[in-house]
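Before any comments, here is the structure.
In our numbering, the protein residues as written are 67 to 1061.
Written as structure tokens, this is what we have:
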């Protein structure tokens, strides 16, 4: 890389301003920077990388004569392969001069006298015992290794059964899979465009119909290592429909060009069809019986156990004319209007139309399904929704809508058994049915108020009481279901519990819809903030700056907050919420010792003033240092820090209350300081510091939601926290999930992995150093040493129990990684947990322009992440989402003025050529170690800085010159735009969450 840099005439700053990355990362597509390729017959070096929304990944290369060119992914692969061939030729030429003895010494992988050019034996990375949860359906997500494919984009694939691999002629490039790998068939792969059409077996044939994009290979066979890094569960397992909108969100995060969306959609259509076909054969119920036998067979046959457990699909299904079938399905584009979910392909019915019965063979089992009869399976009635898509309204006051409008047929049968029912309903369930019927009658009795426009002032109180009762009934009913069926197996009980919880949420949505108004209920969202949060003053050089608050509020305002009656912008929080926070909720989260220590520490800080030397004192004072003075470097504050932190918690509590009582559907808290690193004690889970955090607002909101009503809480039973800050929320995990608590689920997607986890940085202020000593929380960034680790520590590298899902993503968080996690582990965890409320710890420091340098996400990516999380909430908790601001530090600073690397305070005119400004080096330039006051005219306009701010102490925003320079690129896209995208999606989904 040094050699490449020495011969570069291009300007890296210009490339960065245009969105190019010039710094290689250990993970992600920018990792190719510095590598060599052969293009147009000449050696070139890769100098930059960018991700284009329409084209996809692009790399800039430069030849020795300083000419440059841009390569797409398939071109890059060809260039890298050409370079490999060139190196191989050079290696062979050198080998020709070696002795036979030298050849033998290098021939451990097949070399020697007869094979002087043999390569060392490839190390096997697969795990013989690794099994993915969806293997019994035969469908997984796998990482492709084909030349034009991106290995970080997992693609639907079918795992070939052992017997199938024996009977199918494998391509010459594939060897016997062995116990460390499996043979998979990728479904509708995008990387085979322009090749011949293939059967589902993976073998290819020419297809005479090449119209409509028919020149793409429908299937591609590969050998894949069996490990968590290369194979993941198929996300739509067991679903009867394919949610096209969810699929669009998942595709957006892959970073692939839009032209590949049709193949992505078709791949998932085929994957869902194949998996449902296998599941219909009752493979799941036979899994436990065959696990031991399959493992034994795998050992005997020297193959992987997944090759034995994967079902063997009928040959007629494998050879089906899939290209013709997929052409008959609706065409969707990324830019099309939202569409309804598609029904799964009914492969059994399709086969039954072709003639004789076809059977599915399970491993070591006799055929168990007759496909000709599978299409006649009874479908349960679904009378929930009318043809216009709305819930029915009872026309008789006092008489509620019938149970079957909300509950499944099986649940109705036990809640209100008919005289002809053959099932025995426990008396507890009948009583529960009576309670639910009474509650529906109560909702109906208030409908006249909802219809009377003159009584709209009474709607909030009525809605609050009814929705609060609905949540209480849901919680009570879950305990009744559990006690009424003590001897039922876990899967049946889970199904019953799901039916009850989903039914109650339908009641909640129904009631909220009936009593909504122009500024309350469905369609309404809120942004909560408080000016006291601005008076938490950190020290010079801190990433967590006071300007983050007005920037967040301006971002929310740009998304529309405060401009309409249904999009509230609340600028202060009432004293009653602050009292609730300090008296009841914060003691549930932090120890008394921690709370008293923080309060006393902050009260001891001097008032803000300027000493005789001109230095500002009373800000940036250490808050989280221990008795030895360690651990406080990054968490500094001022006399206003206590009120700021309490106000932030109070905003979160009020937001949860507003969402639970139906006043709004979604809410965002624009507050600071952040909180997810603050634990029950100082420096949670052995972290090196508190990472800018004082009190944990997300944990406080969750504790408030589940606290009993008689203790001031809301009485919910299950709250999920999804944390997408670039750092692991060690404080939230410690408070909510130190030991398993069935009331909480904590999910975190963050940077870091085993052996690469917390640092205190040793920055010297140079342009190559992005880690000032005063910023522990940003550890693991550019300039960090190899043995330094990403904050806060190894606590985020494992999931200690089912209540925690930690997903570390290496040195840099990419959109593709986040997409795979959301569509896989996160979706699975949320589906199993079925929350009453989803809280988002919304950190935007994984943005590609954030000064921490740990992420590669764009503004649109954060909007997509929000979209996916809101869809989780719509499915399980009537859309109830509360988002709380955590990290994100890309607030722009001053612009270049008058010369290269020159930063000036506001009001100071640009320097003339050669004019001195008192800089330390006497050159008229501010050196990297000098501090500069930042609030420039450009920033004032951008973040909505008011005149009053200039008069207050919060206007002080000093930083080193290198950080000011780093923040320049955030002027185009940064923290403010991320907040706007996030808040905009929250508002959008507030209107979707209706009956």
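Just so it is clear, CB atoms sit at the ideal spot from N, CA and C, and this is done for glycine as well. Note that the structure is predicted; figures quoted are calculated from it, not measured.
Should residue 278 be labelled buried (16 or more other beta-carbon atoms within 10 Å of its own) or exposed? Note on residue 278: pLDDT 33, under 50, position unreliable in the model; the coordinate value appears next. Classification of residue 278: exposed, given that the 10 Å Cβ count is below 16.
By DSSP's criteria, residue 299 is part of a beta bridge. Which residues make up the other side? Paired residues: 206.
Kindly confirm or deny that the stretch 290-301 and the stretch 209-216 touch, where touching means at least three C-beta pairs closer than 8 angstroms. yes
Taking 8 angstroms as the cut-off, decide whether the C-beta atoms of residue 370 and residue 364 are in contact. Yes, the Cβ-Cβ distance between residue 370 and residue 364 is below 8 angstroms.
Pick out the complete beta strand (DSSP E) segments inside the stretch 884-936, 3 residues or longer, and give them in chain order. 903-908
Can the beta-carbon of residue 787 be found less than 8 angstroms from the beta-carbon of residue 905? yes
Name the residue from 221, 1043, 340 and 332 whose alpha carbon lies nearest to the alpha carbon of residue 295. 221
Quick one: using the 10 Å Cβ neighbour count with 16 as the cut-off for buried, is residue 915 buried or exposed? buried
Near residue 322, what residues of its chain come up, given a Cβ to Cβ distance below 8 angstroms and the 5 sequence neighbours on each side ignored? For residue 322, where only same-chain residues beyond five positions count, the Cβ hits under 8 angstroms are 122, 216, 219, 256 and 330.
Indicate the three-state DSSP secondary structure (helix, strand or coil) for residue 408 in the structure shown. Strand.
Express the C-alpha separation of residue 867 and residue 805 in angstroms, rounding to a whole number. Taking the straight line joining both Cα atoms gives about 8 angstroms.
Which parts of the stretch 723-803 are runs of the beta strand (DSSP E), unbroken and 3 residues or longer, counting only runs that do not cross its ends? 732-735 and 785-789
Let me know the secondary structure DSSP gives residue 224 once reduced to three states. strand
Inter-residue spacing [alpha-carbon to alpha-carbon] between residue 113 and residue 910: Residue 113 and residue 910: Cα-Cα distance of roughly 27 angstroms.
Compare the C-alpha of residue 627 against each of 639, 641, 253 and 595 and name the closest. 595
Same chain only: Cβ atoms within 7 angstroms of residue 698, ignoring 5 sequence neighbours per side: Correct list, in chain order: 688, 689, 690, 691 and 755.
Host beta strand (DSSP E) of residue 816 (start-end): 810-816
Are the CB atoms of residue 603 and residue 703 within a distance shorter than 8 angstroms? yes
Residue 112 (DSSP reduced to helix, strand or coil): The answer is strand: DSSP assigns residue 112 an E or B state.
So the candidates are 299, 580 and 748; which of them puts its Cα closest to the Cα of residue 696? The option with the nearest alpha carbon to residue 696 is 748.
Of all the alpha helix (DSSP H) runs that stay within the bounds of the stretch 492-535, which reach a length of 4 or more residues? 493-511 and 513-517
Count the CB pairs spanning the stretch 554-562 and the stretch 601-618 that are closer than 8 angstroms, and state whether there are at least three. no
Could you check which residue in 952, 931, 859 and 921 has the C-alpha nearest to that of residue 888? Ranking 952, 931, 859 and 921 by Cα distance to residue 888 puts 931 first.
On a Cα-Cα basis, can you pick out the residue from 223, 146 and 237 that is closest to residue 250? 223
Could you give the DSSP three-state label for residue 964: helix, strand or coil? Because the pLDDT of residue 964 is 34, which lies under 50, any placement of that residue in the model is unreliable, and the number read from its coordinates should be weighed accordingly. DSSP places residue 964 in the coil class of the three-state scheme, outside both helix and strand.
If distances are taken between C-alpha atoms only, which option among 328, 770, 390 and 797 comes closest to residue 402? 328
Beta-carbon proximity of residue 750 to residue 819, cut-off 8 angstroms: no
According to DSSP, simplified to helix, strand and coil, what is residue 362? helix
Assigned exposure category for residue 1051 - 16 Cβ within 10 Å defines buried: Under the 10 Å beta carbon count, residue 1051 is surrounded by 16 or more other beta carbons and is classified as buried.
Candidates 107, 376, 928 and 503: which alpha carbon is nearest residue 535's? 503
Given a threshold of 16 other Cβ atoms within 10 Å of its Cβ, counted over all protein chains shown, does residue 29 qualify as buried or as exposed? Absent from the structure is residue 29, since the part of the chain shown begins at 67 and ends at 1061.
Would you kindly work out how many angstroms separate the C-alpha atoms of residue 407 and residue 764, rounded to a whole number? Cα-Cα distance, rounded: 33 angstroms.
Which of the three DSSP states is assigned to residue 152 in this structure? helix
Residue 433 (DSSP reduced to helix, strand or coil): Because the pLDDT at residue 433 is just 36, under 50, the model does not fix this residue reliably, and the value given afterwards should be weighed accordingly. Residue 433 carries a coil assignment under DSSP once its states are collapsed to helix, strand and coil.
Please classify residue 922 as buried or exposed, where buried requires at least 16 neighbouring CB atoms within 10 angstroms. That one is buried.
Is the distance from the Cβ of residue 773 to the Cβ of residue 785 below 8 angstroms? Not a contact, by the Cβ cut-off of 8 angstroms.
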